Amino acid sequence: VASNDVATAGVPPAWILPTILLPPTWDDAMLDELTSQVDSAARELGAAVIGGHTGVVEGLSRPLVVVTSIGVGEEDRILTAAGARPGDAIYMTKWAALEGTAILAEDFEDLLLRRGIPRSTISSASGLMSMVSVVPEALALASAGAVHAMHDPTRGGIAEGLAEMAFASSTYIEVWEDRIPLLESTLDFSSALGFDPLWMISSGVLLFASPSGTREAVDRVLSGTPHAEIGIVRGPGPRVLIHRRSGRDEVIEEVHPERDELAEVWRKNPR
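Going by the working numbering, the sequence shown opens with residue 322, and the numbers climb by one from there.
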């Protein structure tokens, strides 16, 4: 996820520094598993672990890992979420609430089973965590010159990600909910737990704004990666208009970094 933010600037992540905070109940096996996963992820990214820190913290019930990812790019080729321009098409890859669905499958398995979700659906959803990287598609789109802006929607999901892009670029973005791809497992979880998938944490999704006339390039670069055109940049903002399936439009005129449906599910169903 940390490397996603580097890649959305059009820059390959090169160096990784993890801070690993362990609970007092830590043991060698726990640390070995964590460092092995860090090594595996870094190798997948083609990045090197060049430092970091490991410590034991009183009060933690499970490990906490904080990662810094670093890359170097040419100044005049760096992309930001502020680059969206009127007339750009808004696209997304994969499925809304991707990471949230995976987290719910892991953390709320028992509750989902009690509410009628098949175990096979939960098991399949937990595997989505392997898809949270957007590094390959972000770098490919940047290299092809097919984007003005990219953003990795994390906390707050697609809705907050669109708001952050609109705010950063001072634009008005219009999207249609029925164009936003959703997995059946996400819809099932949403029905069982009562959350809005568009406001659910969505690491693994890449939001991007592409200039008109680049649809063919986008489709070519993303062949093999699910993607959809979900809206358009209309003009000055900041403002997001989401045409909901219900027929009631949702207007967002400020960012809401504190809002996420995953936190609401935890609040309503404390463990």
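Ideal Cβ placement from N, Cα and C applies to all residues, glycine included. Bear in mind the structure is a predicted one, so any value in this text is a computation, not a measurement.
Span of the beta strand (DSSP E) holding residue i?
i, result
"A549", "H548 to P557"
"R560", "R560 to H564"
"G376", "H374 to V377"
"I337", "W336 to L343"
"V387", "L385 to I391"
"I494", "T492 to W497"
By Cβ distance below 7 Å, which residues in the same chain neighbour residue i in space, the five residues on each side in sequence not counted?
i, result
"T442", "S506 and D509"
"W347", "V377"
"P407", "T492, V554, R555 and G556"
Thinking just about the alpha-carbon of each residue, which of the options is nearest to the one in residue i?
i, options, result
"L519", "T356, G478, D499 and E571", "G478"
"E395", "A330, F516 and E430", "A330"
"E365", "L527, A335 and T340", "A335"
"E495", "P557, V393, A368 and W347", "P557"
"A489", "A402, D353, H577 and E582", "A402"
"A538", "E427, G466 and N325", "G466"
"L355", "D473, T422 and P339", "P339"
"E574", "I424, A487 and D517", "A487"
"A368", "S464, V359 and I424", "V359"
"G534", "P384, S464 and V468", "V468"
"R436", "D409, L419 and S511", "S511"
"L503", "S324, E420, D540 and A410", "E420"
"E458", "S361, A362, R592 and P547", "P547"
I'd like to know whether the C-beta atoms of residue i and residue j end up nearer to each other than 9 Å.
i, j, result
"W587", "G552", "no"
"S523", "A417", "yes"
"L432", "A513", "yes"
"L543", "L460", "no"
"A328", "G392", "yes"
"V388", "V456", "no"
"L342", "V370", "no"
At a cut-off of 8 Å, is residue i close to the ligand GTP when judged by its beta-carbon and the heavy atoms of the ligand?
i, result
"M471", "No copy of the ligand GTP appears in this structure; indeed no ligand is present at all."
Can you name, in chain order, every residue of its own chain whose Cβ lies under 6 Å from the Cβ of residue i, other than the five neighbours on each side?
i, result
"S454", "none"
"G593", "Nothing in the structure corresponds to residue 593, since the chain is present only between 322 and 592."
"G482", "H472, P474 and L528"
"L425", "F510"
What residue range is occupied by the uninterrupted alpha helix (DSSP H) comprising residue i?
i, result
"S447", "R440 to S447"
"M351", "D349 to L366"
"V542", "R536 to V542"
"S464", "V456 to A465"
"I424", "L419 to D428"
"S531", "That residue, S531, is in no alpha helix (DSSP H); its beta strand (DSSP E) goes L528 to S531."
"T507", "E505 to L514"
Less than 8 Å between C-beta atoms, sequence neighbours within five positions excluded: which residues of the same chain meet that for residue i?
i, result
"D570", "L562, I563 and H564"
"I399", "A330, G331 and V332"
"N590", "F429, L432 and L514"
"I501", "M413, A417, I479, L519, A549 and I551"
"R383", "P344"
"G372", "L338"
Pair every Cβ in the stretch 449 to 466 with every Cβ in the stretch 555 to 565, then say whether three or more of these pairs are closer than 8 Å.
no
Determine contact between the stretch 571 to 582 and the stretch 469 to 485, defined as no fewer than three beta-carbon pairs at a distance below 8 Å.
yes
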